[in-house]
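**Student:** The working numbering puts the first residue of the sequence shown at 10, with every later residue one more than the last. Beta carbons: idealized from backbone N, C-alpha and C, even for Gly.
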Amino acid sequence: MAPFATIYTYPNNVRVQRAQAVAKLNGLEIVEDSDFQLANPSDPKWAAILAKFPYGKVPALSTTDGSLNLTEGQAIVRFLADSGPKSEQLLGRTAVDRALIEQWACFAEQELLTNLYPCMLMVHRPDLVPYTPEGYDASAKKFERAVKHVENTLAKGNGKFLVGEEVTVADVMVAGALILASKLLLDAEMKKSAAPSVEGYLKGLLEIPELKESFGELVTVQERLRGKTE
């Protein structure tokens with residue numbers, strides 16, 4: 010059987026890992042294609058991608074039947090969640106649950122990743138975002154506030170899932186951001202002060218085979234990584 014869709018992306022993109030996790034939970038095969046030079050007009054493959062996605066943004070999903078070309082990671086996850094037999098579980102069985110799951114999907118993008126990425130770029134791509142202690146600490150403080158909100162929600166609930174009694178898009182979206190953060194910013198100090206149960210939450214989710222296959226092992230740092238000052 011042909012795959013359900015192809016996602017064009019750069020390697021190790023957390024937004025694609027989340028999409029793959031949802032697709033696997035829903036029994037959908039998604040092919041990843043990163044064999045192109047992003048934003049290089051002389052690459053004929055990139056030119057073909059631009060013909061489908063003129064804004065030139067990845068990840069970008071194209072269904073095998075040609076019915077949809079879609080960008081924006083959150084929209085891609087929602088589409089994949091809605092395209093298989095577990096759509097009600099993943100997106101919510103009631104109007105209230107659907108709203109809460111969508112809220113967490115937005116939160117993962119706007120509060121977790123938005124505040125994580127500046128720190129990541131300062132460490133790994135200072136040519137794009139030069140490292141400054143003040144800028145790094147400001148983003149880290151905002152990220153810590155967001156992680157504490159996740160912690161508080163888990164403490165008020167069952168500690169295993171953010172919405173309801175089974176894994177949903179809310180968990181996949183938030184976990185993707187936190188798993189990535191655990192490699193760089195979510196260190197022992199932050200977990201102790203703001204999120205003591207978050208690591209257990211992530212380990213529990215990674216016991217789900219589809220999530221483990223998509224995200225890999227949980228890698229943690231004792232002390233957060235920082236950039237270098239000139």
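1. In its own chain, which residues sit with a C-beta less than 7 Å from the C-beta of P53, not counting the 5 before and 5 after it?
2. Determine the contact status of N49 and K95, defining contact as a CB-CB distance below 7 Å.
3. Figure out for me which residue from V105, T80, V25 has the closest Cα to the Cα of V172.
4. Under three-state DSSP, which class holds Y126?
5. Buried or exposed: which applies to V156, given that a residue is buried once 16 or more other Cβ atoms fall within 10 Å of its Cβ?
6. Taking the straight line between their C-alpha atoms, what separation do you get for A57 and Q46?
7. Report the option in D180, K150, S148 whose CA atom is closest to the CA atom of T162.
8. Excluding the 5 residues flanking V23 on each side, which residues of the same chain have their C-beta closer than 6 Å to its C-beta?
9. Which first and last residues belong to the alpha helix (DSSP H) in which E219 is found?
10. Determine the burial state of V228: buried for a count of at least 16 other Cβ atoms within 10 Å of its Cβ, exposed for fewer.
11. Taking the Cβ atom as the reference point for each residue, do Y19 and A69 lie within a distance shorter than 7 Å?
12. I need the boundaries of the alpha helix (DSSP H) containing N21, first residue and last residue.
13. In terms of residue numbering, what span does the beta strand (DSSP E) encompassing Y17 cover?
14. Would you check if there are 3 or more beta carbon pairs closer than 8 Å linking the segment 97-114 to the segment 127-140?
15. Please confirm whether any heavy atom of the ligand ZN lies closer than 6 Å to the CB of R154.
16. Measuring CA to CA, which of N21, V230, F116 is closest to L194?
17. Among all the DSSP beta bridges, which residues are the ones paired with D196?
18. Is A114 near M182, with beta carbons less than 7 Å apart?
19. Is it buried or exposed, N167, if we count other Cβ atoms within 10 angstroms and call 16 or more buried?
**Tutor:** According to the structure shown:
1. What you label residue 53 is simply residue 44 of the sequence shown in a count that begins at 1. Excluding sequence neighbours, P53 sits near nothing in its chain.
2. Along the sequence shown, read from residue 1 onward, the residue named residue 49 stands at position 40. Along the sequence shown, read from residue 1 onward, the residue named residue 95 stands at position 86. Not a contact, by the Cβ cut-off of 7 Å.
3. Taking the sequence shown and counting its residues from 1, the one referred to as residue 172 is at position 163. Closest option to V172, Cα to Cα, is V105.
4. In the sequence shown, residue 126 corresponds to position 117, counting from 1. Y126 falls in the helix class under three-state DSSP.
5. Numbered from 1 along the sequence shown, position 147 holds the residue referred to as residue 156. The residue is buried, with at least 16 neighbouring Cβ atoms inside 10 Å.
6. Against the sequence shown, residue 57 aligns to sequence position 48. Against the sequence shown, residue 46 aligns to sequence position 37. Spanning the two alpha carbons is a distance of roughly 12 Å.
7. Position 153 of the sequence shown holds residue 162. T162 has its Cα closest to that of D180, out of D180, K150, S148.
8. Mapped onto the sequence shown, residue 23 falls at position 14. Cβ neighbours of V23 beyond the five flanking positions: G185, L189.
9. Here the question's residue 219 lines up with position 210 in the sequence shown. Segment 218-224, the alpha helix (DSSP H) holding E219.
10. Indexing the sequence shown from 1 puts residue 228 at position 219. Its Cβ having fewer than 16 others within 10 Å, V228 is exposed.
11. Sequence index remark: in the sequence shown, residue 19 carries index 10 (1-based). Sequence index remark: in the sequence shown, residue 69 carries index 60 (1-based). Not in contact: Y19 and A69 (Cβ atoms no closer than 7 Å).
12. For the purposes of this step, residue 21 is taken as the residue at position 12 of the sequence shown. Run containing N21: none; DSSP gives neither H nor E here.
13. Start at 1 with the first residue of the sequence shown, and residue 17 comes out as number 8. Where Y17 is concerned, the enclosing beta strand (DSSP E) stretches over 14-17.
14. no
15. Only the bare structure without any ligand can be found here, which leaves the ligand ZN out of the picture.
16. On the sequence shown, residue 194 is found 185 positions in, with the first residue counted as 1. Answer by Cα proximity: V230.
17. Residue numbering aside, residue 196 sits at position 187 when the sequence shown is read from its first letter. Beta-bridge pairing links D196 to no other residue.
18. Along the sequence shown, read from residue 1 onward, the residue named residue 114 stands at position 105. Along the sequence shown, read from residue 1 onward, the residue named residue 182 stands at position 173. Cβ distance < 7 Å, so A114 and M182 count as in contact.
19. Translated into the one-based positions of the sequence shown, residue 167 becomes position 158. Classification of N167: exposed, given that the 10 Å Cβ count is below 16.
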